[in-house]
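Protein chains in written order, with the working numbering: chain G, 94 to 204; chain V, 14 to 127. Just so you know, even glycine gets a beta-carbon here, dropped at the ideal spot from N, CA and C. The model shown is predicted, which means the values in this text are computed figures rather than measured ones.
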């Protein structure tokens, strides 16, 4: 089955700087790679996703890149703001089927 | 607004009781729903896939007799934690894929067993 590794587990960046979170996956059949933001006591909220036929996708300050050959994908947040502080999860799978989550990254934005 | 609703959001009960958690798709039909469990400061672990009109598919290591799943309608899946014990205390989250859209997650149910 699918296995998703996520790094780092904790990340602290100065407000205004960029944050990068990286994930790898194991199953070459996975074709859907969402990223979720989870705040305390809430379910995960989708922030961006990418499908395997695309190498990069951007939505304002958030971008995701995918390297299918290496089975790597990354989340990039630019111009970080205090409200970006949360736990971020990558996941891999198929959009209408089950997705497997990485272990999460706790992002701290320092004032 | 929310498209997947979970109820209750928080439940506290005594050890040995059974607890039912509901997951509803609000404006779409979901033939499949997914149940996850999340322990504090850990990731979401997929427990099972709930299939409308048929048996759920459980992930390895998840006891199907302990975690009963029923998906009797196209908008409702239920997870019943039977004879709950303190080690079952966790955050349970459901999700449902909506046609041509990413999976939508509920806000979770925090289960505390005393």
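For residue 100/V, the secondary structure class from DSSP, reduced to helix, strand or coil, is helix. Between residue 197/G and residue 120/V, the C-beta gap is not smaller than 7 Å, which leaves the two residues out of contact. Here residue 162/G has no same chain residue with a Cβ atom under 6 Å from its own Cβ, once five neighbours each way along the sequence are excluded. Assigned with DSSP and collapsed to three states, residue 115/V falls in coil, not helix or strand. Against chain G, the CB of residue 121/V has a partner CB under 7 Å away; the residue lies at that interface. Residue-level contact by beta carbon fails for residue 159/G and chain V, as no gap is shorter than 7 Å. At a cut-off of 7 Å between beta carbons, residue 118/V contacts chain G. Per DSSP, reduced to three states, the secondary structure at residue 176/G is helical.
Here residue 109/G carries a coil assignment [DSSP, helix/strand/coil]. Membership of residue 73/V in any beta strand (DSSP E) is not indicated, and neither H nor E is assigned to it by DSSP. By a beta-carbon distance limit of 8 Å, residue 131/G contacts residue 182/G. Their separation comes to about 6 Å. In this structure, the CA atom of residue 25/V is about 46 Å from the CA atom of residue 148/G.
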